[in-house]
């Protein structure tokens, strides 16, 4: 991910010469290979069990070689609350199975430039990857590429089609740039488009993905959300991906930072880790990825170069443990709206929502509204301050009662008087509406 050093400067590089680029797609020449596996009883589309919420560390070689370490390898990842290994080598799959963990596989010869390959070469590579790993129950998908530009989309579309053909029901994993990557002509910019919206729409149209995954580290670049412009940009990117994903009926995953992404940015803290996780949930995301678990060239990661666990490890475990409880609940819900209290940026949607009329709090609050089975209604609140706790008073659009769902064990308890609760710095809360019981008729 060396090019991540470039995208951090993307917000200053919008002066690139803008040019539209249209790349024609060639018809794929994938041929049937029935000897790979018996696909007659396997699902064709990627899906996960209802009670599984992906929480993944982002690790590629050389850092992912640490997964096999006896002291700080895969067992420590599991202990830290992760549910999915990203990205496992084929040699790691036996340990994944032993620990009961799922994995996205990054083959030893993973590719960086699919567009240099012929259709037949793409087909042969995917087929070989699947043959090497399809017998493992741990595998949920295959890593294809990180942060492609539009020039990569036609070839990636063929690679995704090959995964769907040879590994039905598995994920063809691709991660996209954030919206602060550079715009412009394909040969002069990272995205290769005039806008971020165009980049996302072309990805969906040309690649036909099963999910949208992207990364955004503006929580750190905004000095823990104290610099207004990059702070608003974090929210805006989240909402843009949400909108495109919903328009195409696709789940989306968010990648956020669990290390000191730059020497000038804040290191991990309980507040900024909770905030990144809960804002991801409040927007309706279906997966959470942390960049990174191992230090490598970064400071303050969960496990440093010596193999010792840092304070960040305990912050990360606390956050992951809460997501493990609430995530499976929220995967069954549909995000129906996202709103913000003052002083939100003018570009962000403000209350009232369909469920929450108004909020009183001395801290900015993010509000996610959801519908569930049997017309159930849910709200997630997130304290937008990473510096202080805040009391939140809700005014609802109807007279329903609300219960708070514990992020520790999923139990429910009523709110305090006047529909109020306290949120720690960066903390979120999932609330469920309880229909008011009709009054008994007088006799």
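Numbering (my numbering), first residue to last: -11 to 431.
Positions of the beta carbon are idealized from the N, C-alpha and C atoms, including for glycine.
Measuring C-alpha to C-alpha distances from residue 45 to each of 295, 169, 246 and 388 identifies 246 as the nearest.
Here DSSP, grouped into helix, strand and coil, assigns residue 266 to helix.
Residue 322 is not a Cβ neighbour of residue 385, given a cutoff of 8 Å. Restricting attention to 260, 243 and 96, the CA atom closest to the CA of residue 200 is found in 243. Pairing residue 141 with residue 114 gives a Cβ-Cβ distance that is not under 8 Å. Residue 280 and residue 286 do touch by the CB rule: their CB atoms are close to 6 Å apart, below 8 Å.
Residue state for residue 357 is assigned as strand, using DSSP reduced to three classes. Using a Cβ distance threshold of 8 Å, residue 133 and residue 270 do not count as a contacting pair. The segment 187 to 202 and the segment 143 to 163 touch, with three or more beta-carbon pairs separated by less than 8 Å. Following the DSSP letters along the chain, one finds residue 44 in no alpha helix (DSSP H) but inside the beta strand (DSSP E) bounded by residues 43 to 45.
In the three-state reduction of the DSSP assignment, residue 323 falls in the strand class.
DSSP lists 379 as the bridge partner or partners of residue 410.
Proximity to residue 346 across 383, 172 and 300 peaks at 383, based on C-alpha coordinates. The continuous alpha helix (DSSP H) containing residue 301 extends over residues 299 to 318. Cα atoms of residue 230 and residue 415: separation of roughly 21 Å, rounded to the nearest angstrom. The beta carbon of residue 314 sits closer than 6 Å to those of 395 and 418, all from its chain and outside the five residues before and after it, given in chain order.
Nearest C-alpha to residue 325 among 273, 333 and 299: 273. With the rule of 3 Cβ pairs closer than 8 Å, the segment 120 to 128 does not count as touching the segment 231 to 239. Annotated as proximal: residue 355 and residue 339, with beta-carbon spacing under 8 Å. Only exposed fits residue 331, as fewer than 16 other CB atoms lie within 10 angstroms of its CB.
The C-beta of residue 178 has 16 or more other C-beta atoms within 10 Å across all chains shown, which makes the residue buried. As DSSP reads the structure, residue 240 sits in a beta bridge with 200.
For residue 185, there is no enclosing beta strand (DSSP E); the enclosing alpha helix (DSSP H) covers residues 184 to 195. In the three-state reduction of the DSSP assignment, residue 279 falls in the strand class.
DSSP places residue 220 inside the alpha helix (DSSP H), whose first and last residues are 216 to 235.
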